[in-house]
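S.K.:
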Amino acid sequence: MFGPAGAGACSGWLALIASASVTSPLRTFGPLEQSYTGWASAALQIGRPAADLAAQGPDAMPVTMSNHSHTEDWFELLTRPLWGLAAAKDAVPDEVWASLAASLARALDPDDPWYVGDPAGGGQRMVEAASVGQALALAPEKLWEPLGPKAKDKTAAWLSAAYLGPVADTNWHYFPVFAGHGLKRLGVAHDPAVAASHLERMGEMLLGGSVYEDGPGGRVDYYNPFAFHTYALLNFKFSGDDRYVEHAAAFARRFGSWFGADGAAVPYGRSLGYRFAQGSLWAALAAADVEAVPWAEAAGHARRHLAWWWDQPILDPAGRLTVGYRYPNDAVVEQYLTAGSPWWAMKIFTGLLASAAHPFWTAEAAAPGPVVQPHKAARAVHVRDRAGHVTRLNGQAWHPWARGGQASYGKLAYSSAAAFSHAAPGPGLEFAVPDGALMLSEDGRHWRGREDSDEGEIDESGVLTVNWQPWEDVTITTSLEAAVDGWHARIHVIETGRTLYTGEGGWCVPKPGSTADADGSKAVATGGGLRSEIIDGTGEREAAVIEPIQGTHLYWPATMLPVLRGVLEPGRYVLKSLIYIGSEV
């Protein structure tokens with residue numbers, strides 16, 4: 025059923041998009057040293073450019089797309105680096121701490137022009153209250169003790185209001201909890217019943233299988249590892265409350281399958297612009313000293329992940345994180361992701377709360393092997409093939425409120441080697457970009473993919489089956505199965521009461537230096553050290569290689585995509601596809 029796999033991909037695409045305005049942490053700061061001191065230096069290198077810009081006030085903050093105020097955008101820039109800088113506090117120079125303390129005091133002062141606003145109004149201020157609280161709990165000598173009496177009173181008042189402030193009924197319930205940790209460390213009176221109520225609500229969001237629903241109707245995505253489980257472990261670190269620690273540990277035992285052997289996490293879901301926050305769970309395990317998996321395994325995933333990002337063009341010329349994913353591109357992020365948002369990535373540095381002698385830092389990293397990991401509660405199957413790439417078979421439906429939610433959540437498969445694309449307004453498959461998906465159209469110009477559907481069923485062999493209904497008179501049952509040789513199979517049983525055009529995609533490869541070939545029912549594209557192939561199992565569709573509209577892909581600015589195209593008259597059909605991604609062969 026499955027064809028031969030490649031031996032491993034070597035990208036080399038970075039040189040193709042290098043320019044004076046894009047750089048990587050590797051080019052800017054030098055090699056990442058995989059040690060406690062090396063990570064502490066990295067935390068400073070990533071965090072300081074944000075702190076330096078934030079010290080110039082909200083007016084210096086770049087104007088970007090946002091669903092909250094400009095001052096709140098600036099508050100993200102100021103506070104999110106604290107997730108890593110507080111953990112690395114001894115590596116942060118005094119002048120940086122002085123600047124941060126002064127800027128934070130102004131942000132929390134109602135009489136100052138930089139005031140971020142009253143947290144009693146909720147919104148983004150509540151999110152950042154968590155980073156303020158944990159930083160004050162970890163580094164009061166840096167952020168609190170230098171303040172004068174009036175500044176202390178105003179800081180305590182703001183954080184007290186945040187502790188009582190309203191939150192969205194999601195992972196946000198943890199934010200007042202961390203504000204409370206700050207208040208406790210500062211000796212500010214607060215009612216512990218407030219935090220207890222929020223923590224109780226977190227338990228009500230458990231779906232089973234140590235997976236959380238991110239609010240009613242929410243999806244299972246990276247908010248499980250970098251929010252729910254990371255917060256549970258850090259809360260345990262601060263308070264000794266272990267009620268959700270075993271859930272974090274159980275999730276971690278499956279979470280390794282989300283990471284390729286090269287360190288890349290399979291892109292899926294919203295908030296991918298937080299980049300290496302994807303690996304924060306491994307760091308939080310170390311911070312809490314919870315050995316969910318052997319330390320060599322946790323360390324290996326964390327180190328490879330940060331190293332993978334260290335070599336990507338994600339910085340601007342001033343060394344600041346950009347908006348986007350593997351390169352700057354605000355077309356592939358959500359409406360709430362602003363110029364200050366990417367420093368959520370600093371949560372990976374919470375591992376620095378474990379001492380330099382901890383095995384998280386001293387163990388020799390373990391290399392991952394092939395794995396097929398069904399996870400029914402997460403509605404997904406993750407398969408790491410022999411080349412080290414991860415394919416996610418996806419049962420979850422789209423997320424309609426998030427910008428780009430159909431592409432981020434509704435595709436049938438996702439890949440750590442080839443990521444995915446967002447659709448753009450325009451006619452044809454070149455704009456719809458059906459990588460990892462089957463798309464349908466009534467006119468061949470306007471396309472729709474899977475949106476609403478059931479959440480899928482996974483059998484014991486790892487076959488995922490999902491039912492969806494793109495029109496009232498069109499029903500589709502899709503079955504997905506992947507193997508460790510780089511191939512996966514899709515079978516679609518379609519019953520349609522109308523004529524439909526079909527477009528199904530394999531995986532994109534970068535366009536520069538690419539080759540393309542289509543012959544009958546098979547299409548192949550190679551580029552950037554990757555080979556992408558799609559085969560029609562019934563021979564009834566036409567194979568082609570298309571050039572998607574530029575700027576739609578998470579990894580590469582310009583791509584090529586093998587596709588299968590056909591037309592269905594009213595009736596019942598079975599479409600079969602074989603899809604491959606791996607090294608050029």
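Numbering (this note's numbering), first residue to last: 25 to 609.
Where a beta carbon is used, it is the ideal one built from N, C-alpha and C, also for glycine.
(1) Output the distance between the C-alpha atoms of residue 329 and residue 398, rounded to the nearest integer angstrom.
(2) State the DSSP-derived secondary structure class of residue 466, mapped to helix, strand or coil.
(3) As a quick exercise: from 63, 589, 212, pick the residue whose alpha carbon is nearest that of residue 371.
(4) What are the partner residues of residue 414, as DSSP defines its beta bridges?
(5) Using 8 Å as the threshold, is the segment 122-137 in touch with the segment 175-186, meaning 3 or more CB pairs across them?
(6) Scan the segment 548-581 and note each continuous beta strand (DSSP E) run of 3 residues or more that stays entirely inside, going in chain order.
(7) Exposed or buried, what is residue 474 when buried is set at 16 or more other beta-carbons lying within 10 Å of its beta-carbon?
(8) What residue does the alpha helix (DSSP H) around residue 332 start on, and which one ends it?
(9) Pull up the DSSP beta-bridge partners for residue 204, would you.
(10) Taking the alpha-carbon of residue 13 as reference, which of 87, 517, 325 has the nearest alpha-carbon?
(11) For residue 379, count neighbouring C-beta atoms within 10 Å of its own C-beta (all shown protein chains included) and say buried if the count is 16 or more, exposed if not.
(12) Helix, strand or coil for residue 196, going by three-state DSSP, please let me know.
(13) Quick one: what's got a C-beta closer than 6 Å to residue 334's C-beta in the same chain, skipping five residues either side?
(14) Only counting the same chain, and skipping five residues up and downstream in sequence, which positions put a Cβ closer than 6 Å to that of residue 242?
(15) Looking at the unbroken beta strand (DSSP E) that takes in residue 604, where does it start and where does it end?
(16) So for residue 346, helix, strand or coil by DSSP?
(17) Answer with buried or exposed for residue 127, where buried requires no fewer than 16 other C-beta atoms within 10 angstroms of its C-beta.
(18) Give the single residue among 541, 72, 184, 165 whose Cα lies nearest to the Cα of residue 568.
(19) By the 10 Å Cβ neighbour count, where 16 or more other Cβ atoms means buried, how is residue 200 classified, buried or exposed?
(20) Hey, out of 422, 442, 460, 426, whose CA is closest to residue 436's CA?
(21) Enumerate in chain order the residues of its own chain whose CB-to-CB distance from residue 596 is below 6 Å, with the five nearest sequence positions on each side excluded.
(22) Alpha carbon to alpha carbon, how far is residue 513 from residue 466? Give it in angstroms, no decimals.
(23) Write down the C-beta distance between residue 374 and residue 456 rounded to the nearest angstrom, noting that I regard them as a contact closer than 8 Å.
(24) Any chance the segment 400-407 sits against the segment 232-250, with 3 or more Cβ pairs inside 8 Å?
(25) Assess, as a yes-or-no matter, whether the segment 574-591 is touched by the segment 350-361 under the definition of 3 or more beta carbon pairs within less than 8 Å.
(26) Work out the CA separation of residue 503 and residue 67 for me, nearest whole Å.
(27) Which residues in the same chain have their Cβ closer than 6 Å to the Cβ of residue 427, if we skip the five residues on either side of it in sequence?
(28) If you drop the 5 nearest sequence neighbours on each side, which residues of the same chain put their C-beta closer than 6 Å to that of residue 322?
(29) Please classify residue 406 as buried or exposed, where buried requires at least 16 neighbouring CB atoms within 10 angstroms.
(30) Is it a yes or a no for the segment 550-563 touching the segment 597-606, going by three-plus beta-carbon pairs under 8 Å?
(31) Of the residues 160, 275, 277, 339, which one's Cα is nearest the Cα of residue 70?
(32) Could you name the residues that DSSP lists as bridge partners for residue 399?
(33) Could you spell out where the beta strand (DSSP E) holding residue 503 opens and where it closes?
(34) Helix, strand or coil for residue 150 per DSSP?
(35) Taking 9 Å as the threshold (C-beta atoms), are residue 385 and residue 60 in contact?
(36) In this structure, does DSSP put residue 590 in helix, strand or coil?
M.R.: Taking the coordinates as given:
(1) One C-alpha to the other measures close to 22 Å.
(2) Three-state result, residue 466: coil.
(3) Of the listed residues, the one whose Cα sits closest to residue 371 is 63.
(4) DSSP output for residue 414 lists 408 as bridge partner(s).
(5) Taking one beta carbon from each stretch, the segment 122-137 and the segment 175-186 have 3 or more pairs nearer than 8 Å; the two touch.
(6) If we require 3 residues or more, the beta strand (DSSP E) runs fully inside the segment 548-581 come out as 554-560, 566-570.
(7) Looking at its Cβ environment, which holds 16 or more other Cβ atoms inside 10 Å, residue 474 is buried.
(8) Where residue 332 is concerned, the enclosing alpha helix (DSSP H) stretches over 319-334.
(9) As computed with DSSP, residue 204 is found in no beta bridge at all.
(10) Since the first residue of the chain shown is 25 and the last is 609, residue 13 is not available in this structure.
(11) With fewer than 16 other Cβ atoms from the protein chains shown falling within 10 Å of its own Cβ, residue 379 counts as exposed.
(12) It is helical.
(13) Sequence-distant Cβ neighbours of residue 334 in its own chain, meaning closer than 6 Å and more than five residues away, are 49, 50, 56.
(14) The answer is none, since no qualifying residue turns up.
(15) Taken as a continuous stretch (DSSP letters only), the beta strand (DSSP E) holding residue 604 covers 595-607.
(16) When DSSP states are grouped into helix, strand and coil, residue 346 belongs to the coil group.
(17) Residue 127 is buried by the Cβ-count criterion.
(18) Out of 541, 72, 184, 165, 541 has the C-alpha closest to the C-alpha of residue 568.
(19) Looking at its Cβ environment, which holds 16 or more other Cβ atoms inside 10 Å, residue 200 is buried.
(20) Closest in C-alpha terms to residue 436, from the list 422, 442, 460, 426, comes 460.
(21) If the five residues before and after residue 596 are omitted, its C-beta is found closer than 6 Å to the C-beta atoms of 519, all from its own chain and listed in chain order.
(22) Between the alpha carbons of residue 466 and residue 513 lies a gap of roughly 25 Å.
(23) Their Cβ separation, rounded to whole angstroms, is 40 Å, which puts residue 374 and residue 456 out of contact at 8 Å.
(24) These segments touch.
(25) A contact exists between the segment 350-361 and the segment 574-591.
(26) Between the alpha carbons of residue 67 and residue 503 lies a distance of about 43 Å.
(27) Closer than 6 Å at Cβ, skipping near neighbours: 358, 359.
(28) Only 306, 309 meet the Cβ criterion.
(29) It counts as buried.
(30) For the pair of segments examined, the segment 550-563 was found to touch the segment 597-606: the number of CB pairs separated by less than 8 Å reaches three.
(31) Considering only alpha carbons, the answer is 339.
(32) Bridge partners of residue 399 according to DSSP: 404.
(33) Taken as a continuous stretch (DSSP letters only), the beta strand (DSSP E) holding residue 503 covers 498-506.
(34) Taken through DSSP and simplified to helix, strand or coil, residue 150 comes out as helix.
(35) The Cβ atoms of residue 60 and residue 385 sit closer than 9 Å to each other.
(36) It is a strand residue.
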